[in-house]
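Asker:
Chains as they are written, first to last, in my numbering: chain A, 1 to 116; chain B, 1001 to 1109.
(1) For residue 1042 of chain B, which residues does DSSP report across the bridge?
(2) Cα-Cα, which of B:1071, B:1014, B:1050 is closest to residue 1024 of chain B?
(3) I'd like the span of the beta strand (DSSP E) that includes residue 1084 of chain B, first residue to last.
(4) In the DSSP output, which residue or residues are listed as bridge partners for residue 22 of chain A?
(5) Pull up the distance between the alpha-carbon of residue 78 of chain A and that of residue 13 of chain A, whole angstroms please.
(6) Grouping DSSP H, G and I as helix and E and B as strand, with all else coil, what is residue 54 of chain A?
(7) Can you tell me which of the three DSSP states residue 70 of chain A falls into?
(8) Starting from the beta carbon of residue 84 of chain A, find every residue of chain B whose beta carbon is closer than 8 Å, and list them in chain order.
(9) For a cutoff of 7 Å on Cβ pairs, would you count residue 113 of chain A as touching chain B?
(10) Can you tell me whether residue 1108 of chain B is buried or exposed, with buried defined as 16 or more other CB within 10 angstroms of its CB?
(11) For residue 3 of chain A, which of helix, strand or coil comes out of DSSP?
(12) Do the region 1007-1019 of chain B and the region 1097-1104 of chain B touch if we need at least three Cβ pairs shorter than 8 Å?
(13) Within 7 Å of any Cβ in chain B, is that where the Cβ of residue 7 of chain A sits?
(14) Identify each residue in the region 10-29 of chain A for which the Cβ-Cβ distance to at least one residue of chain B is less than 8 Å, and report them in chain order.
(15) Count the other CB atoms, across all protein chains shown, that sit within 10 Å of the CB of residue 29 of chain A; report buried if there are 16 or more and exposed otherwise.
(16) Within its chain, find whatever has a CB closer than 6 Å to the CB of residue 105 of chain A; leave out the 5 residues flanking it on each side and keep chain order.
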């Protein structure tokens, strides 16, 4: 069974801490994504990566950075955690798309981060 | 701007049929996807329409009209386990999706 695995299900961190969220996929997917999900705001894209060492900003990149040193691993870094970064963080991966062919996203189970 | 609109909540009874609509306004369009998310769970991929028409997968069907910038997800023979949030998402290019805010479906006995 194909999988996207996020390292932690629940995480509590203090304001100002540097936080690392890890995501690993075993499907050899080119694309990987980090989203945050908040009630009433849906899924908001933070960063995505379409190849090793390649990254692009999503809609809300401020306060975050990412790292993709290997194809299967995509890390989200909160440089200095703040209370407004308390959220559910979802990692996803997908194959690259060609024309109209679709490759759906596979999501990890999510990390619920609380910053106190 | 770019936006997807879907109802925030829908309620139905077991055994019934429910339709969740999605209208979109985006620059660039490759296809419309639907995802299901149970409370506390991750979104899971349900369907994808690139061309006009109806795609059927078991109890779920998805429809697209590109000329109307409109699609819907049809759920038949509703079961309690179908209670979840349903998201439509537009694929604009090779990689990124634009997401709707989700429709919370409650299936009552």
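Where a beta carbon is used, it is the ideal one built from N, C-alpha and C, also for glycine. Here the structure is a predicted model, which is why all the values come from computation and not from measurement.
Answerer: Considering the structure as presented:
(1) In DSSP, residue 1042 of chain B forms no bridge with anything.
(2) B:1071
(3) 1084-1091
(4) A:75
(5) 11 Å
(6) strand
(7) strand
(8) Going along chain B, no residue has its Cβ under 8 Å from residue 84 of chain A, so there is no contact; the nearest lies around 19 Å.
(9) no
(10) exposed
(11) coil
(12) yes
(13) no
(14) none
(15) buried
(16) 92, 94
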